[in-house]
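Sequence order for the protein chains is U and C. Per numbering that gives the first Met the number 0, residue 0 is the first one in the first sequence, and the count goes up by one each step. Per numbering that gives the first Met the number 0, residue 0 is the first one in the second sequence, and the count goes up by one each step. A virtual CB, placed ideally from N, CA and C, is assigned to each residue, including glycine. Below is one structure, written out as structure tokens, with a few remarks after it.
There are 2 protein chains.
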Amino acid sequence: MLVYYLRTMARIKIEKNTSRKEVIVSKAASLFREKGFKAASMRDLAEAVGVEAASLYNHIKSKTELLHELCFGVANRFMHHMDEVESKKTNSIAKVEELVRFHINEMINHYEEVYVSDREWKHLSDPYLSNFQNQRRMYRKRFAAIIEAGIRNKEIKAIDAPTAVLIILHAIGGIESWHRSTQKIDAAALTSNMITILVGGLKND
Amino acid sequence: MLVYYLRTMARIKIEKNTSRKEVIVSKAASLFREKGFKAASMRDLAEAVGVEAASLYNHIKSKTELLHELCFGVANRFMHHMDEVESKKTNSIAKVEELVRFHINEMINHYEEVYVSDREWKHLSDPYLSNFQNQRRMYRKRFAAIIEAGIRNKEIKAIDAPTAVLIILHAIGGIESWHRSTQKIDAAALTSNMITILVGGLKND
DNA sequence: AATCATTGCTAACACATGTTAGTATATTAT
DNA sequence: ATAATATACTAACATGTGTTAGCAATGATT
Numbered sequence: 000m001l002v003y004y005l006r007t008m009a010r011i012k013i014e015k016n017t018s019r020k021e022v023i024v025s026k027a028a029s030l031f032r033e034k035g036f037k038a039a040s041m042r043d044l045a046e047a048v049g050v051e052a053a054s055l056y057n058h059i060k061s062k063t064e065l066l067h068e069l070c071f072g073v074a075n076r077f078m079h080h081m082d083e084v085e086s087k088k089t090n091s092i093a094k095v096e097e098l099v100r101f102h103i104n105e106m107i108n109h110y111e112e113v114y115v116s117d118r119e120w121k122h123l124s125d126p127y128l129s130n131f132q133n134q135r136r137m138y139r140k141r142f143a144a145i146i147e148a149g150i151r152n153k154e155i156k157a158i159d160a161p162t163a164v165l166i167i168l169h170a171i172g173g174i175e176s177w178h179r180s181t182q183k184i185d186a187a188a189l190t191s192n193m194i195t196i197l198v199g200g201l202k203n204d
Numbered sequence: 000m001l002v003y004y005l006r007t008m009a010r011i012k013i014e015k016n017t018s019r020k021e022v023i024v025s026k027a028a029s030l031f032r033e034k035g036f037k038a039a040s041m042r043d044l045a046e047a048v049g050v051e052a053a054s055l056y057n058h059i060k061s062k063t064e065l066l067h068e069l070c071f072g073v074a075n076r077f078m079h080h081m082d083e084v085e086s087k088k089t090n091s092i093a094k095v096e097e098l099v100r101f102h103i104n105e106m107i108n109h110y111e112e113v114y115v116s117d118r119e120w121k122h123l124s125d126p127y128l129s130n131f132q133n134q135r136r137m138y139r140k141r142f143a144a145i146i147e148a149g150i151r152n153k154e155i156k157a158i159d160a161p162t163a164v165l166i167i168l169h170a171i172g173g174i175e176s177w178h179r180s181t182q183k184i185d186a187a188a189l190t191s192n193m194i195t196i197l198v199g200g201l202k203n204d
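If you want it as structure tokens, here you go:
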């Protein structure tokens with residue numbers, strides 16, 4: 000018996016106000032997070048999107064472009080938030096706490112992108128690579144400056160500010176483990192625990 | 000004019016009491032750290048060692064074996080140290096501080112291996128992968144148990160112990176940034192700063 | 001219904017990868 | 001010196017990679 004299958008061509012499904020490119024970038028985020036940028040192949044990505052590998056190139060320029068989009072998307076959000084925080088008239092501890100809260104929220108709500116931006120930026124190529132590294136350095140400098148101001152007016156313990164920044168940023172990166180954990184406490188509890196330990200450890204009392 | 004070069008065959012240079020395999024594993028550590036496991040090729044490694052790619056296989060079984068050696072080498076050191084700490088009769092804060100100190104020392108003195116083991120273990124393949132993940136889980140559980148004991152006898156603030164472990168371990172991972180930093184404070188100062196913030200943030204006072 | 005722009009498909013490319021076979025050259029032991 | 005072992009080399013393999021060319025199907029516009 001002969002059976003004819005009427006196959007219709009695959010199509011990337013989109014919702015209102017999202018381009019097909021955005022769908023691809025988003026799937027790329029979770030794939031890069033899972034396997035790492037180098038280990039994730041365009042054929043893997045194509046399968047996740049539900050299409051053949053070559054078809055992706057109707058929407059994107061290259062694999063690296065996907066990494067650009069992810070890294071700079073995240074970097075921009077953090078930079079804008081830093082602008083906001085700096086312009087506020089609150090004390091240093093409050094500023095630090097707000098920065099920490101923002102980081103935690105980003106890590107909880109935009110897990111994949113933030114994680115990828117954090118771990119895989121090394122694979123950017125050079126006009127972008129230096130740019131990204133600069134942004135990172137700047138962000139940390141500004142963060143450290145806030146802590147230093149707090150040390151000067153005795154709000155914060157006399158510690159090495161760059162070290163504190165380093166600790167805080169990496170500690171938050173640990174939410175990765177929480178995210179994958181089976182028995183996770185709820186997000187609010189996690190946040191308040193982290194604030195207690197991280198900000199509490201800075202306070203001069 | 001005709002010039003004859005008398006080339007002698009390359010050879011992996013070794014020092015007293017180190018096998019050629021150890022040299023390879025060590026070079027692999029810094030290469031994997033720099034580029035990531037997937038992005039580092041056996042030809043890259045061969046060049047770093049000063050030999051042709053195929054020659055490496057006189058000493059090792061496969062690329063993955065290099066990752067095994069690195070990951071389990073590190074994991075074993077941490078596990079043994081945990082055994083030691085648990086068997087001591089000191090209070091909880093002292094135990095936590097000793098664990099933290101050990102981590103920092105390992106990160107400072109065996110930077111490349113620890114870093115690789117931490118970031119690249121995902122690329123292990125399966126009998127080894129599960130084994131490694133189990134060891135990791137166990138280590139964290141035991142660390143959390145020590146903190147929980149400290150909470151029960153009021154040495155330590157009433158926080159979520161797994162979260163605290165997560166923060167501590169990842170914060171120490173931040174030494175990576177310090178390591179690459181141009182203007183680094185000295186190791187002792189770094190250690191004392193980290194202890195102040197991390198252990199200080201736990202103490203009940 | 002006809003036209004045009006999107007978006008998909010198949011096939012293929014050039015290249016890099018981990019690894020093996022077979023052989024030559026060092027080093028060590030007899 | 002000779003034999004045996006360890007270590008290196010060249011050449012090649014099979015496979016996986018990102019990407020392009022050319023064409024077919026679909027959707028939107030007129």
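Residue contact check for C:T63 against chain U: no CB pair falls below 7 angstroms. Secondary-structure assignment with DSSP links U:K202 through a beta bridge to U:I155.
For U:M81, there are no neighbours in chain C by C-beta distance under 8 angstroms, as the nearest C-beta there is about 18 angstroms away.
Residues of chain U whose Cβ lies closer than 8 angstroms to the Cβ of C:D159 are, in chain order, I184, A188, L189 and N192. With its beta carbon less than 7 angstroms from one in chain C, U:H169 belongs to the interface. Between U:E154 and U:S86, the C-beta gap is not smaller than 7 angstroms, which leaves the two residues out of contact.
Close CB contacts of C:E105 within its chain, under the 6 angstroms cut and outside five residues either way in sequence, are with V113 (chain order).
Three or more Cβ pairs closer than 8 angstroms define a contact, and the region 6-23 of chain C falls short of that threshold against the region 191-198 of chain C. Beyond the five residues adjoining it in sequence on each side, C:E51 comes within less than 7 angstroms, by CB distance, of A45 in the same chain, given in chain order. The beta carbon of C:G199 sits closer than 7 angstroms to some beta carbon of chain U. The Cβ of C:S29 sits no closer than 7 angstroms to any Cβ of chain U.
Sequence-distant Cβ neighbours of C:K183 in its own chain, meaning closer than 7 angstroms and more than five residues away, are W177. For C:T162, the nearest CB of chain U lies under 7 angstroms from its own CB, placing it at the interface with that chain. Within chain U, G173, S176 and W177 have C-beta atoms less than 7 angstroms from the C-beta of C:L165, given in sequence order.
For C:H102, no chain U residue has a C-beta closer than 8 angstroms to its own C-beta; the minimum C-beta separation is roughly 12 angstroms. Per DSSP, C:D185 lies in no alpha helix (DSSP H) segment and is marked neither H nor E. Closest option to C:I11, judged by alpha-carbon separation, among C:E64, C:Y56, C:K37 and C:S40: C:Y56. Interface with chain C (7 angstroms Cβ-Cβ cutoff): U:T195 is included.
Between C:R32 and C:V115, the CB-CB gap stays under 7 angstroms. Under the three-pair Cβ rule at 8 angstroms, the region 156-173 of chain C does not count as touching the region 125-144 of chain U.
No Cβ of chain C is located within less than 7 angstroms of the beta carbon of U:K60. Using a CB distance below 7 angstroms, the part of the region 29-59 of chain C facing chain U consists of G35, K37 and A38, ordered along the chain. In terms of Cα proximity to C:D43, the closest of C:K26, C:H58 and C:I59 is C:K26. Given a length threshold of 4 residues, each whole run of the alpha helix (DSSP H) inside the region 72-158 of chain U is given here in chain order: 91-108, 110-119 and 125-151.
What C:H122 touches in chain U, judged by beta-carbon distance under 8 angstroms, is G35 and A38, going in chain order. DSSP, reduced to helix, strand and coil, places C:K15 outside both helices and strands of the structure shown, so it counts as coil. The closest CA to that of C:R141, considering only C:L69, C:A39, C:A9 and C:V95, is found on C:V95. Residue environment analysis places C:H67 among the buried positions, since at least 16 neighbouring C-beta atoms fall within 10 angstroms of its C-beta. Listed in chain order, the positions of the region 142-159 of chain U with a beta carbon within less than 9 angstroms of a beta carbon of chain C are K156, I158 and D159.
In the structure shown, the three-state DSSP call for U:K26 is helix. Taking C:I146 as reference, the option from C:S29, C:I13 and C:A93 with the minimal CA-CA separation is C:A93. The shortest C-alpha to C-alpha distance from C:N192 to any of C:A160, C:V99, C:N203 and C:A144 is the one to C:V99. C:F36 carries a coil assignment under DSSP once its states are collapsed to helix, strand and coil. CA-to-CA, the gap between C:I150 and C:M81 works out to about 19 angstroms. Per DSSP, C:A160 is one residue of the alpha helix (DSSP H) stretching across A160 to G172.
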